[in-house]
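Enquirer: In the UniProt record's numbering, the protein residues as written are 1 to 738. Each residue gets a CB set at the ideal place from its N, CA and C atoms; glycine is no exception.
1) Can we say the segment 667-674 touches the segment 600-612, given the rule of at least three CB pairs closer than 8 Å?
2) Any beta carbon from chain C within less than 7 Å of residue 440's own beta carbon?
3) Going by the beta-carbon positions, is the gap between residue 47 and residue 55 smaller than 7 Å?
4) For residue 328 and residue 348, what's the separation of their Cα atoms in angstroms?
5) How far does the beta strand (DSSP E) with residue 576 in it reach, from first residue to last?
6) If you reduce the DSSP assignment to three classes, tell me which class residue 99 lands in.
7) At a cut of 8 Å, does the segment 460-472 reach the segment 403-423 through at least three beta carbon pairs?
8) What residue ranges within the segment 187-272 form continuous beta strand (DSSP E) runs of no fewer than 3 residues, ordered along the chain?
9) For the segment 80-99 and the segment 143-154, state whether three or more C-beta atom pairs, one from each stretch, are separated by less than 8 Å.
10) If we count Cβ pairs, one from each stretch, closer than 8 Å, do we get three or more for the segment 125-136 versus the segment 60-71?
11) What would DSSP say about residue 561, mapped onto helix, strand or coil?
12) Let me confirm a value: residue 748 is counted as buried when at least 16 other C-beta atoms fall within 10 Å, else exposed. Which label applies?
13) So what's residue 585 in DSSP terms, helix, strand or just coil?
14) DSSP three-state call for residue 510: helix, strand or coil?
15) At what residue ranges does the UniProt domain "TonB-dependent receptor plug" (21-126) contain a whole run of the alpha helix (DSSP H), taking only runs of 4 or more?
16) Buried or exposed: which applies to residue 402, given that a residue is buried once 16 or more other Cβ atoms fall within 10 Å of its Cβ?
17) Indicate whether residue 718 and residue 368 have their beta-carbon atoms separated by less than 7 Å.
18) Assess, as a yes-or-no matter, whether the segment 711-725 is touched by the segment 228-236 under the definition of 3 or more beta carbon pairs within less than 8 Å.
19) What do you reckon, is the C-beta of residue 241 under 6 Å from a heavy atom of the ligand FMN?
20) Going straight from the alpha carbon of residue 621 to that of residue 567, what length do you get?
21) Would you mind sorting residue 264 into buried or exposed? The rule is 16 or more other CB atoms within 10 Å of its CB.
22) Counting Cβ pairs closer than 8 Å, one from the segment 621-639 and one from the segment 685-704, do we hit at least three?
23) Using a Cβ-Cβ cutoff of less than 6 Å, which residues in the same chain neighbour residue 520 once the five nearest sequence positions on both sides are dropped?
24) I'd like to know if the segment 273-293 and the segment 249-262 are in contact, where contact means that at least 3 CB-CB pairs between them fall below 8 Å.
25) Just grab the DSSP bridge partners of residue 620 for me.
26) Using DSSP with H/G/I as helix, E/B as strand and the rest coil, what is residue 175?
27) Within its chain, find whatever has a CB closer than 7 Å to the CB of residue 52; leave out the 5 residues flanking it on each side and keep chain order.
28) With a threshold of 8 Å, are at least 3 pairs of Cβ atoms found where one atom belongs to the segment 95-114 and the other to the segment 438-456?
29) Taking residue 137 as the reference, give the member of 160, 154, 155 with the closest Cα.
30) Taking residue 394 as part of the beta strand (DSSP E), name the residues at either end of that continuous run.
31) Taking its Cβ as the centre, do 16 or more other Cβ atoms sit within 10 Å of residue 210, making it buried, or is it exposed?
32) Could you spell out the range, first to last residue, of the beta strand (DSSP E) harbouring residue 302?
33) Here's a check: name, in chain order, each residue in its chain whose Cβ is nearer than 6 Å to the Cβ of residue 279, leaving out the five neighbours to either side.
34) Can you give the Cα-Cα distance for residue 188 and residue 268, rounded to whole angstroms?
35) Is residue 481 buried or exposed, if buried means 16 or more other CB atoms sit within 10 Å of its CB?
36) Assign residue 524 to buried or exposed, taking buried as 16 or more other Cβ atoms, counted over all protein chains shown, within 10 Å of its Cβ.
Written out as structure tokens, the structure is:
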């Protein structure tokens with residue numbers, strides 16, 4: 001920025017265009033130009049720019065976004081995220097549907113706290129709203145190439161302009177490839193990299209100022225080894241002893257070396273895309289009617305090795321197909337009246353199908369149970385899950401402008417959801433014939449069918465708030481909100497349903513009551529903006545995924561869904577931006593979050609306890625919530641200055657730090673993630689040639705080459721694996737706009 005004051009940021013958080021400083025809720029806004037300057041183009045890197053936000057990314061399926069400590073848990077196909085993700089006002093049914101290169105972005109908004117009285121889908125932790133750039137009637141064309149270490153090559157092309165009378169179009173095409181940062185010492189190949197390719201096309205029909213229609217189509221393909229995890233901790237060591245006794249060698253035990261020793265295939269295939277149509281009518285008397293119709297698909301196919309160099313598990317993972325359709329209607333009243341309001345209706349349909357693949361190798365028995373019995377050797381097992389969801393909602397929110405300074409707001413939402421599910425497992429194939437009766441028992445790998453599983457629920461949401469403008473540049477606010485999300489069904493195979501019954505696969509609703517007290521302020525002719533707030537959230541029935549012992553099978557665990565007791569999340573957040581001198585912009589934000597289990601009886605014990613007291617339960621009341629660092633700080637600076645008559649030079653620096661956190665729900669010492677910080681630097685030049693523009697930049701991500709681990713996963717044999725942070729990456733970007 002070259003101006004002496006901060007430019008206003010326009011948001012649509014309350015379904016109308018407003019200055020962010022006038023919106024009395026905790027928000028953070030990331031502008032697309034800043035994302036490009038700092039080379040932030042993946043959803044997992046957004047936590048380096050946002051307070052109270054953690055992204056646990058492993059691959060496109062195993063990813064979650066937590067806000068204020070809520071929502072960070074391993075993936076389960078039968079569970080919605082606590083943090084809603086929207087792309088161009090369309091709700092994405094799975095967090096992994098946002099795992100593509102975030103290019104040609106206008107801005108990203110983060111709303112913290114329960115949402116639902118203004119948006120289509122109800123959420124309990126917050127909402128991440130991604131806005132792509134609109135088509136323009138004036139021509140815009142650009143091509144860009146980025147290259148970096150470990151074979152990084154990213155190309156993109158953008159075209160925008162008038163295509164017919166009153167019709168504008170925009171097209172983005174991109175391709176990205178990298179070799180990855182994890183070394184497979186078995187053959188020397190690079191892993192945790194791959195290729196992402198995609199396109200997004202748009203049409204904007206705008207015959208007059210009373211009607212507009214935006215059509216968006218996008219499609220993305222990923223072929224990669226993302227999800228390659230290093231061995232983070234052996235845990236009590238049982239898994240290590242069994243593996244070595246079975247013949248495993250050279251097991252990498254130092255996670256900071258980013259090494260694995262795999263004898264099998266590690267691969268992820270993702271195909272996803274969608275169509276949406278957003279129509280806006282400006283009605284008489286200033287009312288605005290909006291219709292958003294959208295459909296999306298998401299297919300995920302993995303091939304996962306067992307992380308050791310002997311054939312224990314040849315392939316394991318979930319093959320997932322997701323289809324969704326949504327329809328939203330909204331009526332917004334004119335601005336400037338004593339009372340303004342939004343009324344809405346929302347329908348969402350989801351069709352989910354998954355398949356759990358378990359292909360055991362000849363060393364399975366010795367490595368998993370310590371006994372070469374032939375029970376699991378060369379056995380293939382398949383489990384299937386199905387979930388159909390229909391969600392109906394009415395929502396509204398109104399603001400009464402009692403005086404020119406004092407506002408009162410109230411909102412309500414009623415959501416009814418019907419979920420129909422089933423989980424079944426086919427008889428296993430292969431293995432020693434004499435052990436078939438044991439292997440085919442429903443409690444182990446035998447055929448089993450839950451039959452129909454039904455869930456019906458009402459999920460109300462509400463908001464009461466007030467704000468007072470103490471001066472033109474100082475707004476104070478207080479909000480009390482309630483949010484809920486419906487229950488789910490564990491689609492991760494029958495698990496213990498054969499012994500506990502199909503109802504054991506159900507999980508109840510998650511409910512949140514949240515209080516926010518805050519202010520938004522501008523100082524010294526908008527050279528400084530400082531926003532801060534306190535929050536307190538009480539959560540009951542927190543939904544989470546965890547591993548529990550499988551009855552009758554020594555050392556084996558199955559994945560289950562649970563309502564993990566009650567949680568209290570309380571703390572403070574701040575967001576500061578400043579332009580102290582011409583050309584210099586400073587940014588700082590952060591959060592303190594004391595997120596703890598208030599009550600969590602009968603919780604799974606951590607591995608260090610479970611090995612001494614098998615099948616015991618523990619009381620985790622008072623422990624830190626998994627994936628919820630107490631402290632987060634993000635700072636950055638950008639300086640721009642003219643060079644000659646036709647060029648501009650800039651330098652941008654950012655640093656993101658977060659404190660230690662528990663990596664797994666059981667609060668094991670083996671899963672503890674230490675604090676870490678990541679430093680990024682970029683410098684570049686914008687050179688104008690007539691109406692054309694050359695942009696050249698040099699950048700370094702993770703300057704200090706910090707080895708860090710965004711997510712830790714408990715495995716079924718008592719060990720812990722982790723996803724790896726991107727090591728130091730030096731690169732360059734060239735863009736030509738014409």
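Expert: Based on what the coordinates show:
1) yes
2) You won't find chain C in this structure, because it holds only one protein chain.
3) Walking along the chain shown from the start, residue 47 turns up at place 47. Walking along the chain shown from the start, residue 55 turns up at place 55. Judged by their CB atoms, residue 47 and residue 55 are nearer to each other than the 7 Å cut-off.
4) Residue mapping note: residue 328 aligns to position 328 of the chain shown, counting from 1. Residue mapping note: residue 348 aligns to position 348 of the chain shown, counting from 1. Distance between the alpha carbons of residue 328 and residue 348: 9 Å.
5) On the chain shown, position 576 is the one that residue 576 refers to. Secondary structure note for residue 576: its beta strand (DSSP E) is the uninterrupted segment 566-578.
6) On the chain shown, position 99 is the one that residue 99 refers to. Look at residue 99 here: in three-state DSSP terms it is coil, with no helix or strand label.
7) yes
8) The segment 187-272 contains these whole beta strand (DSSP E) runs: 189-191, 194-208, 211-224, 230-233.
9) no
10) yes
11) Stepping through the chain shown from its first residue, residue 561 is reached at position 561. If DSSP states are grouped into helix, strand and coil, residue 561 belongs with the strands.
12) Not covered by the structure: residue 748. The range shown for the chain is 1 to 738.
13) By one-based count along the chain shown, residue 585 stands at place 585. Note: residue 585 maps to strand in three-state DSSP.
14) What you label residue 510 is simply residue 510 of the chain shown in a count that begins at 1. Strand at residue 510.
15) 32-37
16) Mapped onto the chain shown, residue 402 falls at position 402. So residue 402 counts as exposed.
17) As a working mapping, residue 718 is identified with position 718 in the chain shown. As a working mapping, residue 368 is identified with position 368 in the chain shown. In this structure, residue 368 does not lie closer than 7 Å to residue 718 by Cβ.
18) For the pair of segments examined, the segment 228-236 was found to touch the segment 711-725: the number of CB pairs separated by less than 8 Å reaches three.
19) Looking at this structure, you won't find the ligand FMN or any other ligand, since it has none at all.
20) As a first step, residue 621 must be located in the chain shown, where it is residue number 621. As a first step, residue 567 must be located in the chain shown, where it is residue number 567. The straight-line gap from Cα to Cα measures roughly 9 Å.
21) Position 264 of the chain shown holds residue 264. By the Cβ neighbour-count rule, residue 264 is buried, with 16 or more other Cβ atoms within 10 Å of its own.
22) no
23) In the chain shown, the residue the question calls residue 520 occupies position 520. The beta carbon of residue 520 sits closer than 6 Å to the beta carbons of 21, 475, 531 from its chain, once the five residues preceding and following it are set aside; these are given in chain order.
24) Under the Cβ criterion (8 Å, minimum of three pairs), the segment 273-293 does not count as touching the segment 249-262.
25) In the chain shown, residue 620 corresponds to position 620, counting from 1. Its beta-bridge partners do not exist; DSSP assigns none.
26) Taking the first residue of the chain shown as position 1, residue 175 is located at position 175. Three-state result, residue 175: strand.
27) Here residue 52 corresponds to residue number 52 of the chain shown, with the count starting at 1. For residue 52, where only same-chain residues beyond five positions count, the Cβ hits under 7 Å are 67, 68, 112, 573, 591, 593, 632.
28) no
29) Taking the chain shown and counting its residues from 1, one reaches residue 137 at position 137. Of the listed residues, the one whose Cα sits closest to residue 137 is 160.
30) Along the chain shown, one-based indexing puts residue 394 at 394. Note, residue 394: beta strand (DSSP E), 380-401.
31) Mapped onto the chain shown, residue 210 falls at position 210. By the neighbour-count rule (16 or more Cβ atoms within 10 Å), residue 210 is not buried but exposed.
32) Reading the chain shown from its first residue, position 302 is the one you call residue 302. Run containing residue 302: 288-303, per the beta strand (DSSP E) assignment.
33) Taking the chain shown and counting its residues from 1, one reaches residue 279 at position 279. Within the same chain, 213, 291 come within 6 Å of residue 279 by CB-CB distance, once the 5 residues on both sides are set aside.
34) Locating residue 188 in the chain shown gives position 188, where the first residue counts as 1. Locating residue 268 in the chain shown gives position 268, where the first residue counts as 1. Across the structure, residue 188 and residue 268 are spaced so that their CA atoms are roughly 20 Å apart.
35) Here the question's residue 481 lines up with position 481 in the chain shown. So residue 481 counts as buried.
36) The sequence position of residue 524 within the chain shown is 524, counting from 1. The residue in question, residue 524, is exposed, as its Cβ has fewer than 16 Cβ neighbours within 10 Å.
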